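2 protein chains.
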Amino acid sequence: MEVKNRYTVIKHHIEDAPKESNFELKTEAFALSLEPESDDIIVKNLYISIDPYQLNRMKSFNSSQGTISFSVPIIPGETIDGAVIGKVVASGNAKFQKDDLVLGVFTWAEYSLVKEGNIIRKIESTEFPLSYHLGVLGFNGLSAYAGFFELCKPLKGEKVFVSTAAGAVGSIVGQYAKLLGCYVVGCAGSQKKVALLKEKLGFDDAFNYKEETDLNSTLKRYFPEGIDVYFDNVGGEMLEAAVTNMKVFGRVAICGVISEYTSDGKKASPNTLDIVYKRINIRGFLAADFLNVFEDFYTKTSDYIRTGKLKMIEDLSSGMESIPSAFVGLFKGDNIGKKVISLA
Amino acid sequence: MEVKNRYTVIKHHIEDAPKESNFELKTEAFALSLEPESDDIIVKNLYISIDPYQLNRMKSFNSSQGTISFSVPIIPGETIDGAVIGKVVASGNAKFQKDDLVLGVFTWAEYSLVKEGNIIRKIESTEFPLSYHLGVLGFNGLSAYAGFFELCKPLKGEKVFVSTAAGAVGSIVGQYAKLLGCYVVGCAGSQKKVALLKEKLGFDDAFNYKEETDLNSTLKRYFPEGIDVYFDNVGGEMLEAAVTNMKVFGRVAICGVISEYTSDGKKASPNTLDIVYKRINIRGFLAADFLNVFEDFYTKTSDYIRTGKLKMIEDLSSGMESIPSAFVGLFKGDNIGKKVISLA
Chain S
1 MEVKNRYTVI KHHIEDAPKE SNFELKTEAF ALSLEPESDD IIVKNLYISI
51 DPYQLNRMKS FNSSQGTISF SVPIIPGETI DGAVIGKVVA SGNAKFQKDD
101 LVLGVFTWAE YSLVKEGNII RKIESTEFPL SYHLGVLGFN GLSAYAGFFE
151 LCKPLKGEKV FVSTAAGAVG SIVGQYAKLL GCYVVGCAGS QKKVALLKEK
201 LGFDDAFNYK EETDLNSTLK RYFPEGIDVY FDNVGGEMLE AAVTNMKVFG
251 RVAICGVISE YTSDGKKASP NTLDIVYKRI NIRGFLAADF LNVFEDFYTK
301 TSDYIRTGKL KMIEDLSSGM ESIPSAFVGL FKGDNIGKKV ISLA
Chain L
1001 MEVKNRYTVI KHHIEDAPKE SNFELKTEAF ALSLEPESDD IIVKNLYISI
1051 DPYQLNRMKS FNSSQGTISF SVPIIPGETI DGAVIGKVVA SGNAKFQKDD
1101 LVLGVFTWAE YSLVKEGNII RKIESTEFPL SYHLGVLGFN GLSAYAGFFE
1151 LCKPLKGEKV FVSTAAGAVG SIVGQYAKLL GCYVVGCAGS QKKVALLKEK
1201 LGFDDAFNYK EETDLNSTLK RYFPEGIDVY FDNVGGEMLE AAVTNMKVFG
1251 RVAICGVISE YTSDGKKASP NTLDIVYKRI NIRGFLAADF LNVFEDFYTK
1301 TSDYIRTGKL KMIEDLSSGM ESIPSAFVGL FKGDNIGKKV ISLA
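Going down the list, the protein sequences come from chains S and L. Each residue of the first sequence is one higher than the one before, counting from 1 in this note's numbering. Each residue of the second sequence is one higher than the one before, counting from 1001 in this note's numbering.
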C-alpha cells in the first residue's frame, strides 16, 4: 500500500530569525510496506517536538569559522529529523511490532522510514499523555534535571534564577528547584507567562524582561543577596546580568542561548573579573550526555507528576501545516511551555 | 630605635593602564621597637611580590555596578598590602622570634608592622632561594597547581594551551603539563619569551601573539585537533579564540584576565554556541581557595625543583624605587617570569 506522505523542509539555509516562508511542505509517494529483507521500521508519526536548537542546524557553516559544526546540518529540500513519537505501521525488526508506540529521532513528516538505531525506546506505559514523553519525561525534562541537579549541584535554600522560565525546559527547572526548597525567580516575555510562573508553577517571583530597561538592576532587585544558580536558556544580555549578580561560587548551566541563535543577536560578554573573583563556574551541556541518569530522572519525575507536584505545560498545534508557524513562534516567544505538533 | 621607613602608595585611583607617575614613594618615621603590651611583629621586608591583580584593587568602585568589589580596595595615599617575605626585627608574639623569616601579607615598604593573622607561615628551609616562596613555591605556584590539576583535571596526552606562558603562573602551568605528558603550546609577547618557552621550559611549541593577526587561525594551526585545556591569564580575544578552538568537553581555568584589567581592554565574548555544543566548562578561581592542597603542591613542586625538572623564572628589580616601573611593566609585558622586588 502506498500513501501520500507530507514532510517539511527548509527552502534554503536560515541565518537570521526564521520566517514561515523559509519552509515548504512537500509531498512524496510513500510505501507502507517493507521489502522482504529490510530490517527497518515504518512509523506513523503522532507528535513532533519543536525545539529552538534546530535553527542552529539550519545555518550554513563555512569551514573558515574554526568551530565544529553543530550536530548534523539540515540540508535545504531534505527531510528534517528531530524528536518524534509515532506508532509502528510495519516492522522488519523483531524488536518492534505493529502498533508499538515508539519515541525516537524521526522526521518532520506524517510517516517516517526508520532504522533501529534511531528508535530511542518503546513507550510501554500510557499512564501519562503521550506527548509528555517529548517534554517533561523526555529530553526537555532530562535537560532540566541534568543541568540543574548534576551540573549546578544546588542546595536547599539557594537562590535560583531561570530564564525562558515559561519554556519547555525552564518551566521544569523552576519546579525542580522549588521541590528542592530553593528560592526561585524566573523571567519570561509576557505578563501571561509571568502569571503562569507565579500562580500555577509556584515560582517565588517572576518578571517580564521586556518591561525592564536595566537587567543588572532588575536582578539586583530580585536577588539582593545574589544568585547561586543560573539556569540559562537565552545567553546575551541576560547572561551578562546574571554573572554580574552571581554570588561567590555561583554556578551557571548553559542549556541554550536562544537570543544568540540568530545573527543579529547580541553576543554575551560576561564580566570575566566577576568570573575570576567570584569563582564562577559556567558550563554548557547537552542532555544526551546524561543518559546515565535517565532512569533516575524518569522515576522521580513520573512520581512528581503522578502526585501533582510537577506540572507539564504544553503548547500544542495541529497538523503538518502548523510546523512553520510553530517553529518561527519559538523565536518570538509565542509558545507557552513545550511546543508540540500533534498529528494524532 | 626609629628609622625612616619608605613605602609606596598610589596618588589616586587608577582606571586605565597604570603609569609610573600614578605612584609615590613616601617616608615615615617608624619605631623598630614595640610597646610592652603589643603582640604585633615588626618585619624588615626582603622580597616584595609584584602581581597584576593589584591593579583591580586600585580602581574606584561605585556601588551602582552591582558587582562585589574585588577584595579590599587600595586607598590612595595609604600603604599597599601584598605578598612579602621579611625577617622579624622585633616580636611581641611568642610564636615569632627575632631573625625568623616570614611570608605573609605585609606592605610595599621597607618595614612593616604586622598582626599575627597576616603572617602566612615561617620559612624554615633555606634550601631554595627565598624569593621562590613568592613564586613557584608560593601563591603563583599554587595558582598553577590548583587551576591546572584541580580544576582542569588534565590527562596525559591532552592538548594544553597556556597564555602569558612566560609569566609567573603560566611558566609553571606549562611545565606541570609537560611533566604530566601533555602536549603544551604557550603564547607570549616577544620572541625572547617564545625562545625561553621552547628552549628552556620544554614547551612543545610557542608563539608571539603580537605577530599574529587572526588568533582563531593561529590556534587552529597549533591545535589542528583542538584544545582540551586552556589555562587563561589574559581574557579578551585570546579567550574567545581558545573557546572557538576547544575540543568537546574542553576545560578553561581563568586565573586572570590581564588584558581586561584596564578599561580600554576588549571584553571577551566567547561563543556561547561553542560552550553549549562542545560542553565547555569555564571556571574562575583564586589560589586562596585551595589551601587544602598546599602541602601536596609544595612537596611535589619542591621535588621537581630539586631534581631539575621544574625551573623558576624570576625577574628581580632592586629597591623601593623600582616598584612603580616593575608594576607598570607587568601590563606592558616587560617582565619575564615572576616579578619580585628585592630589598635584601
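Even glycine gets a Cβ: it sits at the ideal position worked out from N, Cα and C. Bear in mind the structure is a predicted one, so any value in this text is a computation, not a measurement.
Check                                                                                                                                                                                                 : Outcome
Verify whether the separation of the beta carbon atoms of ALA44 (chain S) and GLY86 (chain S) is less than 9 Å.                                                                                       : Note on residue identity: the sequence assigns Lys, not Ala, to residue 44 (chain S). Yes, Cβ-Cβ distance for LYS44 (chain S) and GLY86 (chain S) is below 9 Å.
Please report the straight-line C-alpha distance between LYS98 (chain S) and ASN118 (chain S), rounded to a whole angstrom.                                                                           : 17 Å
What does GLU260 (chain S) touch in chain L if you count any residue whose Cβ is under 9 Å from its own?                                                                                              : ASN1271, THR1272 and LEU1273
Does SER1342 (chain L) come out as helix, strand or coil in the three-state DSSP assignment?                                                                                                          : strand
What do you reckon, are the CB atoms on ILE323 (chain S) and ILE48 (chain S) nearer than 9 Å?                                                                                                         : yes
Identify, in the order they occur along the chain, each residue of the same chain with its Cβ nearer than 8 Å to the Cβ of LYS192 (chain S), setting aside the five sequence neighbours on each side. : ILE336
Are the region 309-329 of chain S and the region 1003-1021 of chain L touching by the rule of at least three beta carbon pairs closer than 8 Å?                                                       : no
Compare the C-beta of VAL1105 (chain L) against all C-beta atoms of chain S and say whether one is closer than 9 Å.                                                                                   : no
Assign LEU1179 (chain L) to buried or exposed, taking buried as 16 or more other Cβ atoms, counted over all protein chains shown, within 10 Å of its Cβ.                                              : exposed
On the three-state DSSP scale, how would you describe ALA1188 (chain L)?                                                                                                                              : strand
How is ASN1245 (chain L) classed by DSSP in three states: helix, strand or coil?                                                                                                                      : coil
Return the residues of the region 1279-1296 of chain L that lie within a Cβ-Cβ distance of less than 9 Å from chain S, sorted by chain order.                                                         : ARG1279, ILE1280, ASN1281, ILE1282, ARG1283, GLY1284, PHE1285, LEU1286 and ASP1289
Would CYS1255 (chain L) count as contacting chain S if we go by Cβ distances under 9 Å?                                                                                                               : yes
Between which residues of its own chain and ASP1274 (chain L) is the CB-CB distance below 8 Å, once the five residues before and five after are set aside?                                            : VAL1243, THR1244, MET1246 and ILE1280
Would PHE1249 (chain L) be called buried (16 or more neighbouring beta carbons within 10 Å of its own) or exposed?                                                                                    : exposed
Any beta carbon from chain L within less than 9 Å of VAL276 (chain S)'s own beta carbon?                                                                                                              : yes
May I have the straight-line CA-CA distance separating ILE1041 (chain L) from LYS1200 (chain L), to the nearest angstrom?                                                                             : 41 Å
In chain L, which residues lie less than 7 Å from ASN56 (chain S) when you measure between Cβ atoms?                                                                                                  : LEU1273
In the DSSP assignment, find the beta strand (DSSP E) that holds VAL1276 (chain L) and state where it starts and stops.                                                                               : Careful: VAL1276 (chain L) lies outside any beta strand (DSSP E), inside the alpha helix (DSSP H) at 1272-1277.
Classify GLY135 (chain S) as helix, strand or coil using the three-state DSSP reduction.                                                                                                              : coil
Note the first and the last residue of the continuous beta strand (DSSP E) segment covering ILE1041 (chain L).                                                                                        : 1041-1049
Quick one: is MET1058 (chain L) buried, meaning 16 or more other Cβ sit within 10 Å of its Cβ, or exposed?                                                                                            : buried
So LYS1142 (chain L) and ALA1287 (chain L) are supposed to be a Cβ contact under 8 Å. How far apart are they, rounded?                                                                                : The sequence given here has Leu at residue 1142 (chain L), not Lys. Contact flag correct, Cβ pair sits at about 4 Å.
Please name the residue in S:ALA268, S:ASN216, S:VAL102 and S:ARG251 whose C-alpha comes closest to that of LYS122 (chain S).                                                                         : S:VAL102
Which residue comes first and which comes last in the beta strand (DSSP E) that contains PHE106 (chain S)?                                                                                            : 101-107
Extract the residue ranges of the beta strand (DSSP E) inside the region 1274-1333 of chain L, only unbroken runs of 3 or more that lie entirely within it.                                           : 1281-1284 and 1314-1318
For chain L, check one thing: does any of its Cβ atoms lie closer than 9 Å to the Cβ of LYS159 (chain S)?                                                                                             : no
Thinking THR1164 (chain L) and ILE1258 (chain L) are a contact (beta carbons under 8 Å), I'd like their distance in whole angstroms, please.                                                          : 7 Å
If the cut is a Cβ gap below 7 Å, which residues of chain L does ALA268 (chain S) touch?                                                                                                              : SER1269 and THR1272
Using three-state DSSP, classify LYS1149 (chain L) as helix, strand or coil.                                                                                                                          : Residue identity differs from the one stated: residue 1149 (chain L) is Phe in this sequence, not Lys. PHE1149 (chain L): helix per DSSP, three-state reduction.
Run through DSSP, which three-state label would LEU32 (chain S) get?                                                                                                                                  : coil
Taking 9 Å as the cut-off, decide whether the C-beta atoms of TYR145 (chain S) and LYS26 (chain S) are in contact.                                                                                    : no
What do you reckon, are the CB atoms on VAL1162 (chain L) and GLY1186 (chain L) nearer than 9 Å?                                                                                                      : yes
What's the call for SER125 (chain S), buried or exposed, on a 16-neighbour Cβ count within 10 Å?                                                                                                      : exposed
When you compare only the Cα positions, how much space is there between TYR277 (chain S) and PHE1285 (chain L)?                                                                                       : 7 Å
State whether the region 1310-1320 of chain L contacts the region 298-318 of chain S, with contact taken as three or more CB pairs (one from each stretch) at a distance under 8 Å.                   : no
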